[in-house]
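Structure first, then comments.
2 protein chains.
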Amino acid sequence: MSPIRRLTDQYPTLATVAERAGVSRQTVSNALNNPELLREDTLQRVQAAIDELGYTPNRAARQLRTRSSHMIGLRFEPAQEGTSNALMDRFVHTLVETTAETGHHILLFSGAADDPLDGYDELLRATAVDAFVITDTYTGTAETELLRRVGAPFVTFGRPWDDPDAAHPWVDVDGARGACLATEHLVSVGHRRIAWLGWEETSRIGEDRRSGWEQSMADHGFDTRGLGVRTTDNVDAARMEAHKLLEDRTVTGFCCASDTLAIGVLHALHERGLRPGIDVGVVGFDDSLGAHVTWPGLTSVRQPLEQVARELVELVHSVLSHRPVEPLGRMLEPTLVVRRSTVPDAPRPGTIPRAASSAATRG
Amino acid sequence: MSPIRRLTDQYPTLATVAERAGVSRQTVSNALNNPELLREDTLQRVQAAIDELGYTPNRAARQLRTRSSHMIGLRFEPAQEGTSNALMDRFVHTLVETTAETGHHILLFSGAADDPLDGYDELLRATAVDAFVITDTYTGTAETELLRRVGAPFVTFGRPWDDPDAAHPWVDVDGARGACLATEHLVSVGHRRIAWLGWEETSRIGEDRRSGWEQSMADHGFDTRGLGVRTTDNVDAARMEAHKLLEDRTVTGFCCASDTLAIGVLHALHERGLRPGIDVGVVGFDDSLGAHVTWPGLTSVRQPLEQVARELVELVHSVLSHRPVEPLGRMLEPTLVVRRSTVPDAPRPGTIPRAASSAATRG
DNA sequence: GACGATCAGTGGATCGATCAAATCATAGGG
DNA sequence: CCCTATGATTTGATCGATCCACTGATCGTC
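Residue numbers (full-length UniProt numbering), protein chains in the order written: chain A, 1 to 363; chain B, 1 to 363.
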C-alpha cells in the first residue's frame with residue numbers, strides 16, 4: 001500500500017527514491033524500465049523505496065523525454081439525436097480497459113462537425129497522443145490520408161473501403177457474413193420468401209450486409225426479385241416499406257440492415273395484426289438496446305465489439321513498436337442473438353440486471 | 001494554414017519560433033500566454049512566425065513546467081450487458097466539446113470493477129490529470145472521500161446524497177421534479193388513478209423520483225394507496241408488476257422510474273389488448289433510445305445532460321482557478337418529451353436521421 | 001538633469017524523467 | 001601482474017516549455 005499524500009505535498013520524484021535507496025537516479029529509472037540491468041539485491045532495494053514512498057513516475061517528464069505520451073486519441077463524434085451509441089459504449093470501454101493494461105490511456109477529442117480532419121493535427125503537433133483509433137472509415141478516407149501523409153500511427157475499425165493500397169492495420173466485422181447468418185436462421189425456421197430491408201445504395205456497409213442476404217438466398221435457390229428494398233434508416237420509413245412488402249402475402253421473413261429498421265417492421269406487423277416470430281420472422285442488426293426491449297424481443301446480429309477493441313489495441317502496439325503487421329486486416333465474425341421475433345419460445349426479452357440500468361439512468 | 005509536416009521531421013519548438021521572429025523564447029511564451037505584455041507589433045511578428053512554422057506548444061513540456069496537464073479524468077465504468085449508456089454518450093460528448101474550448105481534454109480510465117477507488121490515485125501521482133468528473137455519486141462516497149483527502153479537484157454529476165458536509169461543487173437533475181412533470185402530464189390528459197413503478201427502496205435516485213409522484217398525487221388529492229410499486233429494473237419484472245396493477249381496472253396511468261420499466265408496462269398492455277395512450281397512459285424516464293423506437297412511442301422525462309456537462313466543466317474551471325463556487329450545487333430541471341404512450345396523436349416515433357444510425361451501426 | 005516607476009524584453013535555472021557516455025568494480029586470460 | 005571484457009552503476013546533458021530575476025529603454029516629475 002502506498003501512503004496517502006495530499007496534492008499540496010510534494011510528490012516523490014525519481015531523485016527522492018534514488019536518495020532513499022542509496023543509488024543514482026538512473027538506477028531507479030532502470031529499475032522501472034530495464035530491471036534486467038540491475039543486480040537482484042539492488043533491484044529489491046529500489047523497489048522497496050518505491051513502495052515506501054508511493055512513487056509513481058511523472059508522466060509529463062517521461063513524455064517530454066521519450067516523446068511518447070502513452071495516449072491514444074479517439075475522436076468522439078457528435079452524437080446525433082436518437083443515435084444508439086450504446087454500441088460505441090461497449091467498444092470504448094473495452095478499448096479503455098485493454099489499453100490500460102500497458103499503461104496507455106484513451107484521450108477523447110472532438111472536432112468541427114464539418115471537418116473530419118479537425119483535431120488530429122493539433123494533437124500530433126503537441127505530441128499529445130502516440131496514435132489514433134479511427135472508427136468511421138466508411139465516411140471516406142480523409143482522416144486516413146492525412147495521418148498517412150504526416151506519418152502518424154493509426155489503426156481503424158473498418159476496412160479501407162475506398163483505398164485499395166491502404167497500408168494501415170485494421171479490424172472489421174464481416175457484415176455480409178452477419179446478414180448471411182440472419183438469412184440462414186430465417187430459412188432454418190421455415191421462411192422462404194425473405195425480404196431485405198436496408199440502407200441506401202450509397203452505404204458501403206449497407207451494401208456489404210445486403211450482399212450476404214443475396215448470397216444466402218442464391219445458395220438456396222430462392223428468388224430475390226422485388227424483395228430487396230433500400231430506405232433511410234428510421235423506424236417510420238421502415239414501417240412503411242414493410243407495409244408495401246407485406247402486400248405480397250408470401251413474404252414471411254425480414255432481414256434488416258439495422259435494429260431501427262427491424263423495429264419499423266415490427267411496428268408494421270403490429271398494425272396488421274401479424275404475430276412476429278409466428279407469422280413473420282424479423283432479424284435486426286447490431287443487437288442494440290432496442291433489440292433487447294422491443295416487444296416481443298428482436299433477433300439480431302451482434303458484432304463482437306469487445307474483440308474488435310482488443311485486436312485494435314494489439315495492432316496499435318504493433319505499430320508503435322514498429323513490428324510488421326501481418327496480415328494487415330482482420331475480419332471478425334458476428335454472431336446471431338435469437339429472440340422471439342423469429343422463435344416464439346425464445347427467452348423473454350430484457351432481463352436487465354438492476355445495477356446496469358441504474359447506471360443507465362444516471363447517464 | 002499551417003504547413004503539413006511529417007512526424008519524422010522535427011516539430012518546431014518555441015526556440016525555433018523565437019529565432020524566426022527575432023525575439024527571445026520568453027517573448028514567444030508570453031505571446032501565447034500573456035499577449036497583453038507584448039507591444040502590438042512584436043506580438044504580430046511572433047504570431048506570424050508561429051503561423052508560418054505551424055507551431056503548437058509541446059504539451060508535455062508545458063505540463064512538466066506548470067504541473068498542469070489540461071486533462072480531466074473520467075472513469076468509464078464497465079458497461080453491463082443491456083445497459084443504455086446512450087445517455088452517457090450525450091453527456092460525454094458535450095463534456096469533450098466543452099472542455100476542448102479551453103484546451104482541455106477528457107482522459108478515460110478504468111479501474112477494477114470491485115474497487116471504486118482504483119485508478120484515481122495513480123493518475124494523480126503521475127500528474128496525468130488536473131481534475132476529475134465523477135458520475136456515480138449514488139453508489140457511495142468512497143471516491144469523493146478519497147479525492148477530498150488527497151486534495152484533488154473534482155466535481156460530481158449527482159448531489160452528495162450521503163454526505164451533508166460535502167464541499168465539492170456538483171450538478172444534478174431534479175428527479176422528483178421529473179416525476180412530478182410526468183404525473184402532471186398524465187393528470188392533464190385525464191388520468192386520476194396513476195401508479196408508480198419504480199426501483200427498490202435502496203435506490204436514492206429512485207426514491208427521489210418517487211417522491212415527485214407522491215407529491216403531485218397529494219397535491220391533487222389523489223389517493224396513492226396500493227399504487228406505488230417497487231421492483232428491479234428490467235422489462236420483465238415491470239411487465240409482471242404492471243399486470244398486477246392492471247387487475248385494478250381503475251388504474252389508467254403509469255409513471256415509471258425508467259424507460260425500461262415503462263417498456264415493461266407497454267408489454268403488459270399489449271398482452272391485455274389495452275391501447276397505450278388511449279386506454280392507459282405510460283411515462284418513462286431518461287428518454288433513451290428505447291423510448292424513441294418502442295411502439296407506439298414512449299413519453300419520457302428527459303434529463304438535460306448537455307447542460308449538465310457544460311455546467312460541470314464550468315465548475316471544474318472554477319475549482320482549478322481557485323475561484324469560490326457559489327452555490328456549491330446546481331439543480332437542473334428535466335423536461336418531458338411527449339409521445340404516443342400518453343397522447344395518441346403525438347408525432348410518430350423514431351424519425352431518426354440517416355447519418356445518426358449509420359454511426360450507431362458502426363459503434 | 002537626476003530620480004524612481006513602469007513597460008518591454010532577455011537569459012539562466014528549472015520541472016522530472018531518459019539518453020548517452022563515462023566510471024567503477026569484478027573477473028578471466030595471457 | 002597487467003590488460004581487456006563484461007557487468008553494474010553514475011554523471012552530465014537534454015527534452016521544450018515556464019518561472020524568476022534581471023537589464024534597457026521610456027517617461028513623467030521635481
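We put the CB at the ideal spot given by N, CA and C, even for glycine. The structure presented is a predicted model; accordingly, all values stated were derived computationally and were not measured.
DSSP three-state assignment for residue i, whether helix, strand or coil
i: A:T13; result: coil
i: A:G54; result: coil
i: A:S318; result: helix
i: B:R193; result: coil
i: B:A356; result: Low confidence applies to B:A356: its pLDDT is 33, below 50, so where it sits in the model is not reliable, and the reading given next is rough at best. B:A356 falls in the helix class under three-state DSSP.
i: B:A182; result: helix
i: B:T66; result: helix
i: A:R20; result: helix
i: A:R330; result: strand
i: B:A167; result: coil
i: B:D259; result: helix
i: B:A346; result: coil
i: A:R272; result: helix
i: B:L43; result: helix
i: A:L289; result: helix
i: residue 366 of chain B; result: Nothing in the structure corresponds to residue 366 of chain B, since chain B is present only between 1 and 363.
i: B:R340; result: coil
i: B:R302; result: strand
Spatial distance of residue i from residue j (CA atoms)
i: B:E52; j: A:L124; result: 17 Å
i: A:V150; j: B:S300; result: 47 Å
i: A:L227; j: A:G206; result: 15 Å
i: B:T224; j: B:L274; result: 22 Å
i: B:F91; j: A:L43; result: 46 Å
i: B:V338; j: B:Q303; result: 14 Å
i: A:R65; j: A:D41; result: 28 Å
i: A:R330; j: A:D172; result: 6 Å
i: B:V129; j: B:H220; result: 50 Å
i: B:A126; j: A:R59; result: 5 Å
i: A:S211; j: A:R323; result: 35 Å
i: B:F76; j: A:P327; result: 32 Å
i: B:G175; j: B:D208; result: 6 Å
i: B:Q10; j: A:R67; result: 11 Å
i: B:V133; j: A:P276; result: 44 Å
i: A:Q63; j: A:L14; result: 15 Å
i: B:A131; j: A:S203; result: 41 Å
i: B:V325; j: B:Y120; result: 23 Å
i: A:V313; j: A:H105; result: 11 Å
i: A:A346; j: A:W170; result: 36 Å
i: B:I50; j: A:T294; result: 56 Å
i: A:A31; j: B:D165; result: 44 Å
i: B:T260; j: B:D233; result: 7 Å
Nearest neighbour of residue i, chosen from the options [CA to CA]
i: A:G74; options: A:V96, A:A60 and A:Q63; result: One detail in the question is off: residue 74 of chain A reads as Leu in this sequence, not Gly. Taking only the C-alpha atoms, the option nearest A:L74 is A:V96.
i: B:T102; options: B:N33, B:R230, B:F222 and B:V265; result: B:N33
i: B:S258; options: B:E247, B:L269, B:T250 and B:L289; result: B:L289
i: B:D89; options: B:A112, B:V308, B:R25 and B:R59; result: B:V308
i: B:T252; options: B:R193, B:W170, B:A182 and B:D174; result: B:R193
i: A:R230; options: A:D236, A:E241 and A:G221; result: A:E241
i: A:F167; options: A:L315, A:T202, A:T13 and A:A15; result: Correcting the residue type first, residue 167 of chain A is Ala in the shown sequence and not Phe. Checked all of A:L315, A:T202, A:T13 and A:A15; the closest Cα to A:A167 is A:L315.
i: A:L332; options: A:A142, A:L305 and A:H104; result: A:L305
i: A:D163; options: A:D130, A:G140, A:V173 and A:A152; result: A:G140
i: B:L181; options: B:T335, B:V133 and B:A21; result: B:T335
i: B:L107; options: B:W213, B:H93 and B:G264; result: B:H93
i: B:L186; options: B:V325, B:D287 and B:C256; result: B:C256
i: A:A179; options: A:G158, A:A142, A:G111 and A:A195; result: A:A195
i: B:A112; options: A:E19, A:A142, A:H243 and A:A100; result: A:A100
Anticipated Cβ contact below 8 Å, residue i with residue j, distance rounded
i: B:G297; j: B:R340; result: 4 Å
i: B:P116; j: B:T137; result: The pair is not a contact, with the Cβ atoms about 11 Å apart (cut-off 8 Å).
i: B:S216; j: B:T183; result: 4 Å
i: B:Y55; j: B:V23; result: 13 Å between Cβ atoms; not a contact.
i: B:I263; j: B:V280; result: Between B:V280 and B:I263 the Cβ distance is about 14 Å, and since that is not below 8 Å, they are no contact.
i: A:A238; j: A:V265; result: 6 Å
- Which ranges would you report for the alpha helix (DSSP H) in the segment 82-126 of chain B if only whole runs of at least 4 residues count? 86-100 and 120-125
- Entirely within the segment 198-248 of chain A and at least 4 residues each: give me those alpha helix (DSSP H) ranges in chain order. 204-220 and 235-247
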